[in-house]
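I have placed the structure first, in the form of structure tokens, so that the comments after it can refer back to it.
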Amino acid sequence: MSDAVKVGFVPFSAAPRGVLVAFADETLKFGPATRKALGGAVETVKRAAATARFKGKNGSVLDLLAPDGLKADRLIVLGTGKTADLKDEDYTKLGGAIAGRLKAGSEAVTILAELADGAMSPGHGAAIAAGVRLRAYRFDRYKTKKKDDDGKLAAAVSVAVADVAASRKAFASLASVVDGVLVARELVNEPPNVLFPAEFARRAAQLRKLGVRVEVLDVKAMTKLGMGALLGVSQGSAHDGRMVVMRWNGGKRSVKPVAFIGKGVCFDTGGISIKPAGGMEEMKGDMAGAACVVGLMHALAARKARVNVVGAIGLVENMPDGNAQRPGDIVTSMSGQTIEIINTDAEGRLVLADVLWYVAKTFKPKFMVDLATLTGAILVALGTDHAGLFSNNDELSERLSKAGLATGERVWRMPLGPEYDKLIDSRFADMKNTGGRNGGSITAAQFLQRFVDDVPWAHLDIAGTGMGAPATDINTSWGSGFGVRLLDRLVADHYEGRR
Ligand code: BES
Ligand code: MN
Ligand code: ZN
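What follows is the structure, given as structure tokens:
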């Protein structure tokens, strides 16, 4: 993984050489430790700011080379805007914005983690460090000719803080979450000839190193369980499907687990209802939901979260073939409910149907959240800035929405109801796998709801957010790792025992 940058914490007194980064507010004020570090250069900065019309607006940058009166070779002044307006997620973004200014092979970098009012909590300093690492990630494993620009971002990034020990402590768990995000991104970015179901399962099994119990079910085991919906999707592929069940037991034994379920379609051609050629390569990312679940399990286990969690992913490849399933086929799901296949490209819901049912029945979890690149329609509805949220439970929805605002991985609740549900009734079976063009994301969610029993459940349609979204301050890679920080936050805020 190309997360080359090393991030650490130092006291403000460390003499900064190389690149120095300072924060200024909208009055161009610096905090006291920053003023001290800048010394005689403060006047240089004021002149430069006036010339460049730098006003300290949030996200704006003043970049000075070899500034007079300073040991550092380069000074980057980052505007924060009004200190009082900064939200938690903004600190991560500031870190990302800094990393975005650093070229390959930069010298050592020191970030003066102090706002204009002289304050910055250890948690916010740690968030800056996390932002640097998130932005520094790039997926370049398959590039054999590296350009000058493709190298490491910087030798080392030091975040200068008031309390080094407290900052390190705050960063310890945050770094595990960053690792989880990068694990998810890496899986989404991998090409589909490399990352087929068995290989994906092998990578998920690496979680054992962190103390996660990992069980891999093959076709034989899934046949025994009666998972006709998942297996129907998988039957046209030369690569056998898998289901992976991951368990992290960090909570009290008696406490019911929470559960996360991911769609892992390693490649979605559409099957016999084949997709058009344009852009089909993007369907290597149709396992972003499963990738998020693996990344989340990584994060929770690595930071030793005090919670019992189940992660379950259905891994298949949706291919057209002599053995592939046909429109008109009727399959029997593990729940016993029968499904008429109308369109073999509506495969994700078939995979999830069996995994959701399996998790509901086997673990009777406190709640289930599934993540899936389920419908193109959610892109039409919400674009790439919000994931679609569908749920049978208001409390869970509220908590997810709040976690979304806190992390910047935002979700938007969409409706469910019997009017939509009846659109997937079938003439020949208990239901059909598509409900027509209108409300396509909703009828897909209605389908899933038929397999959750009465477990509190939320479905996140991440077709717009999990991959291919425009670059942001904290991500320039195609796979975003969307959902890891969101769900880590959900767990941390509501489902962990007291520390
Ligand atoms: N994996 C796709 C959804 C998708 C589309 C994800 C674009 C990411 C970007 C899913 O399996 C699919 O093909 N859905 C169909 C459903 C339809 C056949 C009812 C769709 O959205 O067109
Ligand atoms: Mn499809
Ligand atoms: Zn799909």
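The numbering of the sequence shown is our numbering, which starts it at 4 and goes up by one. All C-beta atoms, glycine included, are put in the ideal place defined by N, C-alpha and C. Quick caveat: nothing in here was measured; it's all calculated off a predicted structure.
At least 3 beta-carbon pairs within less than 8 Å: the stretch 123 to 143 vs the stretch 64 to 77: Too few Cβ pairs lie closer than 8 Å, so no.
Span of the beta strand (DSSP E) around Phe360: In the sequence as presented, Phe is not what sits at residue 360; that position holds Trp. Premise fails: Trp360 lies in the alpha helix (DSSP H), Gly351 to Phe366, not in any beta strand (DSSP E).
Local Cβ density within 10 Å of Ala163, reported as buried at 16 or more and exposed below that: Around the Cβ of Ala163, a 10 Å sphere holds 16 or more other Cβ atoms; the residue is buried.
Start and end residues, beta strand (DSSP E) containing Phe12: If you look at Phe12, you'll find it in the beta strand (DSSP E) that goes Val10 to Pro14.
Inter-residue Cα distance where the pair is Glu284 and Gly84: Distance between the alpha carbons of Glu284 and Gly84 is about 41 Å.
Inter-stretch contact (C-beta, 8 Å, three-pair minimum) for the stretch 356 to 369 and the stretch 329 to 343: The way I'd put it, the stretch 356 to 369 does touch the stretch 329 to 343; three or more beta-carbon pairs between them come closer than 8 Å.
Simplified DSSP state of Thr30, which is helix, strand or coil: Residue state, collapsed to three classes: coil.
Cβ contact (3+ pairs, closer than 8 Å) linking the stretch 172 to 185 and the stretch 265 to 280: The stretch 172 to 185, when compared against the stretch 265 to 280, does not touch it at the 8 Å Cβ threshold.
Sequence ranges, alpha helix (DSSP H) only - wholly within the stretch 59 to 112, length at least 4: The qualifying runs are 91 to 104.
C-beta atoms of Asp496 and Ala390 nearer than 8 Å: No.
Cβ-based neighbour list, Leu228, same chain, cut-off 6 Å, excluding 5 preceding and 5 following: Closer than 6 Å at the Cβ level, and outside the excluded window around Leu228, lie Met337.
Classification of Ser257 by the beta-carbon crowding that lies within 10 angstroms, buried from 16 upward: When all chains shown are included, Ser257 counts as exposed.
Length of the line joining the Cα atoms of Leu451 and Arg352: Taking the straight line from one Cα to the other gives about 6 Å.
Nearest-angstrom beta carbon gap, Thr468 and Thr387 [assumed within contact, 8 Å]: Cβ-Cβ separation between Thr387 and Thr468: approximately 6 Å, consistent with a contact (criterion under 8 Å).
Heavy atom of the ligand ZN within 7 Å of Glu350 beta-carbon: Distances taken from the Cβ of Glu350 to the heavy atoms of the ligand ZN include one shorter than 7 Å.
The ligand MN heavy atom lying under 7 Å from the CB of Asn321: True, at least one ligand heavy atom lies under 7 Å from that Cβ.
Bridge partner(s) assigned by DSSP for Ala461: Beta-bridge partners of Ala461 (DSSP): Val372 and Ser394.
Whole-Å CB distance - Asp79 paired with Arg56, under 8 Å assumed: Per the sequence shown, residue 79 should be read as Ile rather than Asp. Contact check for Ile79 and Arg56: beta-carbon distance about 17 Å, past the 8 Å limit, so the pair fails to qualify.
Span separating the alpha-carbon of Ala159 from that of Ala139: When only Cα atoms are considered, Ala159 and Ala139 end up about 12 Å apart.
N- and C-terminal bounds of the alpha helix (DSSP H) containing Lys2: The requested residue 2 is not part of the displayed model; the chain covers only 4 to 502.
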